[in-house]
Amino acid sequence: MKLSFALLAAFIGLGLATTAGRITQRGRAYTNCVSAYFEAASRKAAQTVPRGVSRTSDRFLARVCLYTSTTKFKMRLRQNTDKQPDERTPAMIAAYDQQIDSLGVCLRRRLTNDETSEVLAPLYEAKEIMLSNDATVGCADDP
Numbered sequence: 000m001k002l003s004f005a006l007l008a009a010f011i012g013l014g015l016a017t018t019a020g021r022i023t024q025r026g027r028a029y030t031n032c033v034s035a036y037f038e039a040a041s042r043k044a045a046q047t048v049p050r051g052v053s054r055t056s057d058r059f060l061a062r063v064c065l066y067t068s069t070t071k072f073k074m075r076l077r078q079n080t081d082k083q084p085d086e087r088t089p090a091m092i093a094a095y096d097q098q099i100d101s102l103g104v105c106l107r108r109r110l111t112n113d114e115t116s117e118v119l120a121p122l123y124e125a126k127e128i129m130l131s132n133d134a135t136v137g138c139a140d141d142p
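Residues 0 to 142 in numbering that gives the first Met the number 0 are what the sequence shown spells out, letter by letter.
This is how it looks when you write it as structure tokens:
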């Protein structure tokens with residue numbers, strides 16, 4: 000009886016380890032997908048920063064805001080890699096929204112409200128695509 004209990008316990012443990020491994024593997028794929036969209040949107044946003052000759056320092060600092068935002072967002076995403084999908088996706092959305100808000104604050108120190116909205120537009124568009132349930136275009140977080 001002890002042997003069969005030990006085998007059952009080992010089997011359950013193996014199943015839990017396999018499930019945890021799948022969650023982590025899927026979490027990495029999700030994190031990579033979301034990061035790629037955020038980075039692409041940030042590059043596109045950097046291209047929309049106004050190019051006035053007298054505003055070279057503002058343009059540079061706006062790009063620093065974008066770089067810093069991308070770095071912070073990727074760090075926050077990595078913190079959620081090992082979570083279940085029903086926790087991971089809301090955490091990603093919260094991190095994304097928070098990062099866009101703080102990016103907006105940073106940009107408004109250098110740009111007008113209209114310019115800031117124009118720079119943030121690719122990031123809002125990327126969020127809609129990432130959250131699509133169509134896995135061919137988004138980062139669907141299905142197990």
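C-beta atoms are modelled at their ideal positions from N, C-alpha and C, and glycine is treated no differently. Every value quoted in this text rests on a predicted model; they were computed, and no experiment measured them.
Whole-angstrom C-beta distance between residue j and residue i, which should lie under 8 angstroms
| i | j | result |
| --- | --- | --- |
| L102 | L119 | 7 angstroms |
| P49 | R58 | 7 angstroms |
| Y36 | I128 | 6 angstroms |
Proximity to residue i [Cα-Cα], best of the options
| i | options | result |
| --- | --- | --- |
| Y29 | K73, S68 and T55 | K73 |
| T135 | V63, C32 and D96 | C32 |
| Q97 | L110, D133 and K71 | K71 |
| T69 | C105, Q83, T55 and K82 | C105 |
| R107 | V63, Q78 and Q24 | V63 |
Beta carbon of residue i nearer than 8 angstroms to that of residue j
| i | j | result |
| --- | --- | --- |
| A125 | A61 | no |
| I99 | L122 | yes |
| T80 | G137 | no |
Residue span of the alpha helix (DSSP H) that contains residue i, given as start and end
| i | result |
| --- | --- |
| F56 | The question names Phe, but residue 56 is Ser in the sequence shown. Run containing S56: T55 to Q78, per the alpha helix (DSSP H) assignment. |
| K126 | N112 to M129 |
| T47 | Segment: none, T47 is in no alpha helix (DSSP H) and carries neither H nor E. |
| T88 | P84 to R107 |
Inset, instruction - For the stretch 78–98 and the stretch 108–117, state whether three or more C-beta atom pairs, one from each stretch, are separated by less than 8 angstroms. - result: no
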